[in-house]
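Written out below as structure tokens is the structure these notes cover.
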Amino acid sequence: MSAIARVSSSLSANPLYWQGVMDVNPLTASSQTRLAKVLDCLNSHPAAGCILAVYRRKVVGIATRQDLMSALAQNPDWASMRLAEIVTRPVITVEHSAIAPIAPIIDLLEQHQISYLPVVDAKGHLLGLIDQARLLRVLQNQFTHGLSSEQPGRAQIFADITLKIRQSLQLKEILQTTVDEIQRLLNADRVLIYQVLPDSTGKAVSEAVVAPYPSLLEISFPEEVFPEEYQMLYAEGRIRAIADVHDPNANISECLVEFIDQWDIKSKLIVPIVRPINPSINSVDNGAEDPTAVRKHLWGLLIAHQCRHPRQWSDFELDLMQQLAGQISLALSQGQLMEYLEERVDLRTAELTQANDALQQEIRERKQVEKALRRSEAQLRLITNNLPVLIAYIDRHQRYQFNNQRYEQWLGRSPVDITGQSIQQVMGTAHYQSIRPYIEAVLAGEQVTYESELTFQDGRDRSVSVTYIPHLETAKDSFASQADHESGSKNGRQKSTQVKGFFALTTDISDRKAIERMKDEFIAVVSHELRTPLTSIHTSLKLLATGLLGNLREEGQEMLTVADENTDRLVRLVNNVLDLQRIEAGEVTIDAYACDTAELIEEAVETIQTMAQQHHIKIRVHAESLSIWADPDYIVRTLTNLLGNAIKFSAAGSVVHLSVETTDPALVNSALAKQSTDRETALFCVRDHGQGIPHEKLDSIFERFQQVDSSDSRKKGGTGLGLTICRKIVEQHGGEIWAQSQLGQGSCFFFTVPLSPLLVARSPTQPS
Amino acid sequence: MHSPKRILIVDDEESIQKVVKLSLKIEASWEGITASSGKEGIRQAESCQPDAILLDVMMPNMDGIATFAALEKNPKTRAIPVILLTAKTQASEKRLFQEIGVAGVITKPFEPLSLASKISQLLNWI
């Protein structure tokens, strides 16, 4: 028995062949073959339904399996029979050139009521066998899978596959569904998706393969089987449909043929999977690719293999593969977009989580702050309610918004009753009229303090000190002040701030007032009761010292001098203590008016002249005639104090200089320069050539009882209060006082007094 | 040199009366007559017609200001210049005294040997 050796290439072009309709290896045997051998042959090929008797490659007879069985049953000596005895003759054949359409073949089979139709070439040589059953199976298979060439059917197939592919968003699943569906549809032996890796090698990432053919997953594809120039061709859209990989016209390199022979690949169909490059997603990916280099790149290949036999790929199949490759490309883009979106979602989720954490933290902190605020407010309320002060907040409409409990205790009015009421309602019209100017002042933005009388609930009139503190709001927070600004308000304060209301603090100062009255009386008593006997003693001693009332012995005269000097000192001390007390208590009223500096200096010199003569000191005067705004008595007092000190601390025969001039900034020490230059002042200077003052004492000597040497007060008869009084007087005039000195060379005492406002304004007329 | 003068000293403090009287005598050989109250001072002024009155401010019952007012109203004493003698030292108080029309103010304690000179200066006797 001999099988047909090889199918010619011309026959392989017949589409029926490729669709598996014709068996190219039918069972054949010589006509003289014994039936026993024929039986063995059929038994070993159970799928075969008949055996052809051939002679010189021509079919001379055909015996079906049934024919053989009948012969065996009917002829006991069948073992000696030969094939020629049971075959049917003549055999109906068909030329391969006539079998392209399937319909005439079916007609022929039906017409002759035969099941097998040998296919022969023009010379009658056997090419293959058409098996009716096989033909029907193929037809049925094609029908079942809708492998029809009609367009609606194609579209439906494509739509079905696309739907299946798109049922998943997972790329791996999509790829697997694609290969599974293509394999099922094309009845291919293997369908795979090959991904091109950046190093030009590649790997199969999805595969559908039928047994017994091996899987190509995990197989490394050497670069030679898919060189870079091929990749470029595929990137440009190349499609390869190779019916027979061994066909020289297939133009496959030898190394590739060797590679694919390993896997029994007879035929293959390759379409590229290309992807447009989306620069935005690319840049998100890794930024490795240059977005301007190429607009498409080859991601991979969609490949179908036929291993059982060569296969002619139809246009429909090519078209389907291309369209599905497009779907894969789309899925890849979508997958990439999904990855990108998932990354963004992850990123955004992380950000939101972080923001949420921060928010939670902020809420916790705010709760803590609120708790602290509530605690603080409770403490504040406790304090305000227990302070011996009326505390209220009044809005700009003059209505109470807050009152502490003290209102109830003092005025018999519950804070709850007061809240929302006007000042006039709470205080009464008469009282309101008396304090109205202060309310208007605070609502204009000024802090106000005044003293008043208030009738408490027990009917007693009490002296109270009231302070109004404006509650100011900056312009940027205030709509109303913006309106002020736009209306061109000329007042700077109104333009930048708005008064929302004010705080009113009322303190009962009745006790203080009583003490003040007692102190006033005490001072008056001390002034009179202390000075009157002192005057008597002082005067008596002076008169005794004249010697006109009789001469004393030398020791008596000495004691008289001691008594006289110490009485002088006591008089000065009493005067100074009382003066300082009055100044510090703010009881001294500086009765300032325009005075001439030259006249003040003349008066001071005249006052101190006797003392200067006693100490043999000359006073040299350099006085400009300036108009200052001062109380002349106090300025003379200051000058005589300073001159007295200069005389006391100068050596006999020396000179004390007294001058006054307009302020020379060069003479003003740096700490006071700014203030001195802020406005024009007269600068008084008393300079001596005495022992001088140590540098570290220059400031402290203006403090009470802070003399350079504590024994000075005894030696020089000072009180230790003179410079303190001088400083108080000068400060009350709005001036400054300071000293400069060099030890052993003398001291300079400076003080400034503002010039008369009329002079500063450079009025053409002198002040009266 | 001081021309002879008669000065009425009105002060409730006897020691002051004495030292003022002696001071005026020693310094200027002036005559000093004394009174211990406002009322007595007015009587003395009417009867003695002094050249000037040194009048203490703080006195019980009728103080210096009230006494001065009475002297001003009295035709017999109206022309006699009055100088207040006071322990009050505040400038505003001194100015207030001057504003009511006194001829001058001398504060205690005073320099005894220049008291007559001060009075002469205030009353333009020099």
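Protein chains in written order, with the working numbering: chain A, 1377 to 2144; chain B, 307 to 432. The beta-carbon is built from N, C-alpha and C at its ideal position, and this holds for glycine as well.
Spatially closest choice to Leu1547 (chain A) from A:Thr2128, A:Glu1715, A:Ala2058, A:Gln1638, by CA coordinates: Residue numbering aside, residue 1547 (chain A) sits at position 171 when the first sequence is read from its first letter. Of the candidates A:Thr2128, A:Glu1715, A:Ala2058, A:Gln1638, the one whose C-alpha sits nearest the C-alpha of Leu1547 (chain A) is A:Glu1715.
Three-way DSSP call (helix, strand, coil) for Asn1732 (chain A) in this model: Looking up residue 1732 (chain A) in the first sequence gives position 356. Of the three classes helix, strand and coil, the one that applies to Asn1732 (chain A) here is helix, per DSSP.
Short Cβ contact (9 Å threshold) for Val1981 (chain A) with Ile1959 (chain A): Here residue 1981 (chain A) corresponds to residue number 605 of the first sequence, with the count starting at 1. Here residue 1959 (chain A) corresponds to residue number 583 of the first sequence, with the count starting at 1. For Val1981 (chain A) and Ile1959 (chain A), no; Cβs fall outside 9 Å.
Interface flag, His2071 (chain A) vs chain B, CB-CB below 9 Å: Working through the first sequence from its first residue, we reach residue 2071 (chain A) at position 695. Taking Cβ atoms only, chain B never reaches closer than 9 Å to His2071 (chain A), which makes this a no.
Closer than 9 Å to chain B by CB, Gly1868 (chain A): Here residue 1868 (chain A) is taken as the residue at index 492 of the first sequence, counted from 1. Bear in mind that a pLDDT of 46 at Gly1868 (chain A), under 50, signals an unreliable position, so the model cannot answer this.
Sheet register partners of Arg1458 (chain A) (DSSP bridge): Here residue 1458 (chain A) refers to the residue found at position 82 when the first sequence is read from its first residue. DSSP, once it has assigned bridges, lists A:Arg1410 as partnering Arg1458 (chain A).
Contact belief for Pro418 (chain B) with Leu1919 (chain A) at Cβ below 8 Å, rounded distance in angstroms: In the second sequence, counting from the first residue as 1, residue 418 (chain B) sits at position 112. In the first sequence, counting from the first residue as 1, residue 1919 (chain A) sits at position 543. Right, their Cβ atoms sit about 6 Å apart.
Sequence-distant residues of the same chain with beta carbon closer than 7 Å to Gly2029 (chain A), five excluded per side: If you number the first sequence from 1, residue 2029 (chain A) lands on position 653. Correct list, in chain order: His1992.
Alpha-carbon spacing of Thr373 (chain B) relative to Val2036 (chain A), whole angstroms: Start at 1 with the first residue of the second sequence, and residue 373 (chain B) comes out as number 67. Start at 1 with the first residue of the first sequence, and residue 2036 (chain A) comes out as number 660. Straight-line Cα distance between these residues: approximately 43 Å.
Contact check, Val1467 (chain A) vs Leu1418 (chain A), beta carbons under 9 Å: Taking the first sequence and counting its residues from 1, one reaches residue 1467 (chain A) at position 91. Taking the first sequence and counting its residues from 1, one reaches residue 1418 (chain A) at position 42. In this structure, Leu1418 (chain A) does not lie closer than 9 Å to Val1467 (chain A) by Cβ.
Cα-Cα separation between Tyr1808 (chain A) and Thr1965 (chain A), rounded to whole angstroms: Looking up residue 1808 (chain A) in the first sequence gives position 432. Looking up residue 1965 (chain A) in the first sequence gives position 589. In a straight line, the C-alpha of Tyr1808 (chain A) is about 30 Å away from that of Thr1965 (chain A).
Residues of its chain near Ala1439 (chain A), where Cβ-Cβ distance is below 6 Å and the 5 sequence neighbours each way are ignored: What you label residue 1439 (chain A) is simply residue 63 of the first sequence in a count that begins at 1. Closer than 6 Å at Cβ, skipping near neighbours: Ile1427, Ile1462, Val1463.
Contact list for Pro415 (chain B) against chain A, beta-carbon separation under 8 Å: Along the second sequence, read from residue 1 onward, the residue named residue 415 (chain B) stands at position 109. Result: Arg1907, Leu1910, Thr1911, His1914, Thr1915, Val1947.
Contact with chain A by Ser329 (chain B), beta-carbon distance below 9 Å: As a working mapping, residue 329 (chain B) is identified with position 23 in the second sequence. For Ser329 (chain B), the answer is yes, since a Cβ of chain A falls inside 9 Å of its Cβ.
Contacts that Thr1922 (chain A) makes with chain B (C-beta to C-beta distance below 8 Å): As a working mapping, residue 1922 (chain A) is identified with position 546 in the first sequence. Under the 8 Å cutoff, chain B gives Ile332, Leu419.
Three-state secondary structure assigned by DSSP to Val1842 (chain A): As a position in the first sequence, residue 1842 (chain A) is number 466, starting the count at 1. Correct three-state label for Val1842 (chain A): strand.
Test: Lys1918 (chain A) CB closer than 9 Å to a CB of chain B: Stepping through the first sequence from its first residue, residue 1918 (chain A) is reached at position 542. With 9 Å as the cut-off, Lys1918 (chain A) counts as an interface residue toward chain B.
Presumed contact (8 Å Cβ cut-off) between Val1842 (chain A) and Thr1825 (chain A), rounded CB distance: Taking the first sequence and counting its residues from 1, one reaches residue 1842 (chain A) at position 466. Taking the first sequence and counting its residues from 1, one reaches residue 1825 (chain A) at position 449. With a Cβ gap of about 7 Å, Val1842 (chain A) and Thr1825 (chain A) count as contacting.
Any C-beta of chain A under 9 Å from that of His319 (chain B): Indexing the second sequence from 1 puts residue 319 (chain B) at position 13. Rather than His, the amino acid found at residue 319 (chain B) in this sequence is Glu. Closer than 9 Å to some Cβ of chain A, the Cβ of Glu319 (chain B) qualifies, so yes.
Three-state secondary structure (DSSP) of Asn1779 (chain A): Looking up residue 1779 (chain A) in the first sequence gives position 403. Reduced to three states, the DSSP call for Asn1779 (chain A) is strand.
Val325 (chain B): contacting residues in chain A (beta-carbon distance under 8 Å): Locating residue 325 (chain B) in the second sequence gives position 19, counting from the first residue. Here the neighbours are Thr1911, Ser1912, Thr1915, Ser1916, Leu1919.
Own chain residues within Cβ distance below 8 Å of Gly2068 (chain A), not counting five before or after: The sequence position of residue 2068 (chain A) within the first sequence is 692, counting from 1. Excluding positions up to five away in sequence, the list reads Ser2117, Gln2118, Leu2119, Gly2120, Gln2121, Gly2122, Ser2123.
Check whether Ser1456 (chain A) and Arg1410 (chain A) have beta carbons under 9 Å apart: Taking the first residue of the first sequence as position 1, residue 1456 (chain A) is located at position 80. Taking the first residue of the first sequence as position 1, residue 1410 (chain A) is located at position 34. Cβ atoms of Ser1456 (chain A) and Arg1410 (chain A): closer than 9 Å.
9 Å Cβ cutoff, Leu1925 (chain A) in contact with chain B: Within the first sequence, residue 1925 (chain A) is the residue found at index 549, counting from 1. Leu1925 (chain A) counts as touching chain B.
Thr2057 (chain A), buried or exposed, once every other Cβ within 10 Å from all chains shown has been counted against 16: Residue mapping note: residue 2057 (chain A) aligns to position 681 of the first sequence, counting from 1. It counts as buried.
Cα-Cα separation between Pro381 (chain B) and Leu391 (chain B), rounded to whole angstroms: Here residue 381 (chain B) corresponds to residue number 75 of the second sequence, with the count starting at 1. Here residue 391 (chain B) corresponds to residue number 85 of the second sequence, with the count starting at 1. Cα to Cα, Pro381 (chain B) sits roughly 23 Å from Leu391 (chain B).
Of the residues B:Phe403, B:Pro366, B:Gln355, B:Glu399, the one placed nearest Ala375 (chain B), counting alpha carbons only: If you number the second sequence from 1, residue 375 (chain B) lands on position 69. If we check each option's Cα against that of Ala375 (chain B), B:Phe403 comes out closest.
Test item: CB-CB of Glu1612 (chain A) and Leu1632 (chain A) under 9 Å: Here the question's residue 1612 (chain A) lines up with position 236 in the first sequence. Here the question's residue 1632 (chain A) lines up with position 256 in the first sequence. No. Outside cutoff.
Nearest residue (CA-CA) to Ile1984 (chain A), options A:Ala1939, A:Val2032, A:Thr1937, A:Asp1623: The residue you call residue 1984 (chain A) lines up with position 608 of the first sequence. Residue A:Val2032 is the option with its Cα nearest to Ile1984 (chain A).
Proximal residues to His308 (chain B) (C-beta, below 6 Å), its chain only, five neighbours per side dropped: On the second sequence, position 2 is the one that residue 308 (chain B) refers to. Closer than 6 Å at Cβ, skipping near neighbours: Ala334, Ala422.
Run of the beta strand (DSSP E) containing Pro2130 (chain A), from where it starts to where it stops: For this step, residue 2130 (chain A) is matched to residue 754 along the first sequence. 2122-2130 is the extent of the beta strand (DSSP E) around Pro2130 (chain A).
Option in A:Lys1642, A:Ile1595, A:Leu1735, A:Leu2019 with minimal Cα separation from Ala1617 (chain A): Locating residue 1617 (chain A) in the first sequence gives position 241, counting from the first residue. Nearest of A:Lys1642, A:Ile1595, A:Leu1735, A:Leu2019 to Ala1617 (chain A), Cα basis: A:Lys1642.
Helix, strand or coil at Pro1480 (chain A) according to DSSP, with G and I counted as helix: Working through the first sequence from its first residue, we reach residue 1480 (chain A) at position 104. In this structure, Pro1480 (chain A) counts as helix in the three-state DSSP scheme.
Cβ-based burial, Val1901 (chain A) [other Cβ within 10 Å; buried from 16]: For the purposes of this step, residue 1901 (chain A) is taken as the residue at position 525 of the first sequence. Looking at its Cβ environment, which holds fewer than 16 other Cβ atoms inside 10 Å, Val1901 (chain A) is exposed.
Below-9 Å beta-carbon distance, Asp322 (chain B) vs any chain A residue: Within the second sequence, the letter at position 16 stands for residue 322 (chain B). A quick correction: the sequence has Ile, not Asp, at residue 322 (chain B). So yes, Ile322 (chain B) belongs to the interface.
Met365 (chain B) burial status per 10 Å Cβ neighbour count (16 or more: buried): Numbered from its first residue, the second sequence carries residue 365 (chain B) at position 59. Classification for Met365 (chain B): buried.
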